[in-house]
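Peer 1:
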Amino acid sequence: MGSQLRVGEVLRSAQSRDPSIPVIDGYRNIHHVTASRTLAQIQLSKGINPVAKVRARGGRRRPAVLIRSSPWKAGTAETPWHDVFDLDKGHARYFGDHRVDHTVPVGSTQGDAVLLEAFAAHQAPAPEQRALAVPLLLFAAVTRNKTPKGYVEFCGVAVIERVEQIEQETKGRPFPNYR
């Protein structure tokens, strides 16, 4: 199992998450492509999907964080922000996972906490520290076979250059988040 991801490739992310099936509906099965004998199965059910940390030389490390944007949800009450993945310019703008109904402090949701940790490593002063930073794999939900769900395009690998706390609004209610 497993193979390489190719930028621009659309993969099937079926609900069954069965890694033994190489192709579903004519598209490579992302759970087959990313299957590992030693790592837990990847998840793409949220916007920010951290792979569990593993033992590695020098301590515990996170192999990757998978980030999924669903453009068809942008501007809705559930997702009032508009992520941008501009592959031609090599730029991505992604919003955190804090929502209007969260009662925890901004930055403490699972996704935001993982990305803030990644940001510290991505911006570390020493090259050897930056070399240990977790890779961010970007995916965008795309419509295939007349459905906007269950298909993702691999958009590439990202580095966090900047983080800013912002205020967003949904249904007239402001809430803090990260961009």
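One rule links them: number in our numbering = place in the sequence shown (from 1) + 35.
C-beta atoms are modelled at their ideal positions from N, C-alpha and C, and glycine is treated no differently.
Quantities reported herein were computed from a predicted structural model and do not represent experimental measurements.
#1: Are the beta-carbon atoms belonging to residue 147 and residue 136 less than 8 Å from one another?
#2: Using the rule of at least 16 other Cβ atoms within 10 Å of the residue's Cβ for burial, across every protein chain shown, is residue 182 buried or exposed?
#3: Spatial neighbours of residue 120 within its chain, please: C-beta separation below 7 Å, excluding the five flanking residues on both sides.
#4: According to DSSP, simplified to helix, strand and coil, what is residue 106?
#5: Buried or exposed: where does residue 118 fall if 16 or more other Cβ atoms within 10 Å of its Cβ makes it buried?
#6: Output the distance between the C-alpha atoms of residue 277 and residue 153, rounded to the nearest integer angstrom.
#7: Quick one: give me the first and last residue of the alpha helix (DSSP H) that residue 187 is part of.
#8: Residue 195 and residue 212 - do their beta-carbons sit closer together than 8 Å?
#9: Using alpha carbons as the reference points, say which of 177, 197, 199, 193 lies closest to residue 222.
Peer 2: A quick look at the data gives this:
#1: Against a cut-off of 8 Å, the Cβ pair of residue 136 and residue 147 comes out as no contact.
#2: Exposed: under 16 other Cβ atoms inside 10 Å.
#3: Same-chain partners within the cutoff: 104, 127, 173, 175, 190.
#4: Looking at residue 106 - three-state DSSP - the assignment turns out to be helix.
#5: By the neighbour-count criterion, in which 16 or more other beta carbons inside 10 Å mark a residue as buried, residue 118 falls on the buried side.
#6: Any property of residue 277 remains undetermined from this structure, which presents the chain solely from 36 to 214.
#7: For residue 187, there is no enclosing alpha helix (DSSP H); the residue is found in the beta strand (DSSP E) stretching over 186-193.
#8: Note that the C-beta distance between residue 212 and residue 195 is not below 8 Å.
#9: Outside the displayed range of the chain (36 to 214) lies residue 222, so it cannot be described from this structure.
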